[in-house]
Amino acid sequence: ERGADTLVIFDVHWLVNSGYHLNCCEHFRGVYSSNELPHFIKDMEYEYDGNPALGELIADCANAHGIKTRAHQVPSLGLEYGTLVPCRYMNGDRSFKVVSVAAWCAWHKLEDSRVFGQAVREAIEKSGSQVAVLASGSLSHRFNDNSNAEEKIFEISNEFFRQVDLRVLELWQRGEWKIFTDMLGEYAARCVGEGGMHDTAMLLGALGWDKYRGKAEIVSPYFPSSGTGQVNVEFPLG
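For the sequence shown, this note's numbering assigns the number 796 to the last residue and increments by one with no breaks.
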C-alpha cells in the first residue's frame, strides 16, 4: 500500500565470519530445509526476484564508509531462514524484489553494523527503488534446554529475558533511542541476542541511531517461541 517494490532483509540466520555480505541475484529459486531445526522447516520451495542494482549500490556505499562489503550474484548461494520466513508470509505473490543481507556477524563490531545500516539508507536514497527494510531476528534468544524443549515450546527460557525484552519494547514505543542504543551491546550479550543483534544495529543505523525520532508500533504482541522472545514491530519514518 505504501509503494514498496523491494525488501532488504537483515538475516540473522545467514552466518558470516569476515566482512559484510549481500545476496542480490537477479532471481532466487530453490528448495529449503533448515539445518538448524529440520523438523520445523523442510522441503520448502521458494521463488523470488532480486534487485542486483540495489545490492551492488549498498556494497559500494558501505565500502565508501570503510566497511568491507561484497555483493554476490551466485546462483548456488541460496536464501536463508531469516529471509525465507518473512517472505513466505509477506511475499507469496512475489510483489517484492528481495535483497538478503548476512546479519549473523560472528566477529564483527556492532558499531560497524551501525555504519553499514547508514550505508544501506544512503544506497536506498540514491536508488530508484522504494524499499521496506526488515530486521529479521528475535529479541532475547536463549533456547530452552533439550530436556524440556517440546513441552516448553511456547515458554520463555528465563523470566529475566522476558522482563528485559518488555522493557526494551517500552523504550521503543516511547522513542527512547539514546537509552536503547547505549544499552544495545549489553542487552545483546546478557540476553543472548540472536546473531549478536547485528540486525538491530543495522536497522537503527539506517534509521539514524540515537537521532531517530520515530516511535515503534507493535504489530503483534510479544510472545515466546522455543524459549526466545519474539515480536513484530514497525519503525515508522514519519
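Just so you know, even glycine gets a beta-carbon here, dropped at the ideal spot from N, CA and C.
CB contact flag (Asn649, Gly785, <8 Å): no
Through-space distance from Tyr745 to Phe718, alpha-carbon basis: 11 Å
Beta-carbon gap between Asp527 and Tyr639 smaller than 8 Å: Because the chain is modelled from 559 through 796, residue 527 falls outside the range shown and cannot be assessed.
Residues that Ile682 bridges to, as DSSP identifies them: Answer is none; Ile682 lacks a bridge partner.
With 16 other Cβ atoms within 10 Å as the buried cut-off, status of Tyr647: exposed
Exposure of Ala759, with buried meaning 16 or more beta-carbon neighbours within 10 Å: buried
Presumed contact (8 Å Cβ cut-off) between Val656 and Ile711, rounded CB distance: Not really, about 29 Å apart at Cβ, beyond 8 Å.
Pick from His597, Val789, Asn790, Gly613 that is closest to Ala677, judged by C-alpha positions: Gly613
Whole-angstrom C-beta distance between Ser685 and Arg700, which should lie under 8 Å: At roughly 38 Å, the Cβ-Cβ gap does not stay under 8 Å, so Arg700 and Ser685 are not in contact.
Beta carbon of Cys582 nearer than 8 Å to that of Gly561: no
Contacts around Asp670, its chain only, beta-carbon distance under 7 Å, and the 5 residues preceding and following it disregarded: Ile625
Ranges of the alpha helix (DSSP H) found wholly within the segment 712-794, counting only runs of at least 4: 717-732, 735-748, 756-765
Alpha helix (DSSP H) segment containing Leu615, residue limits: 610-622
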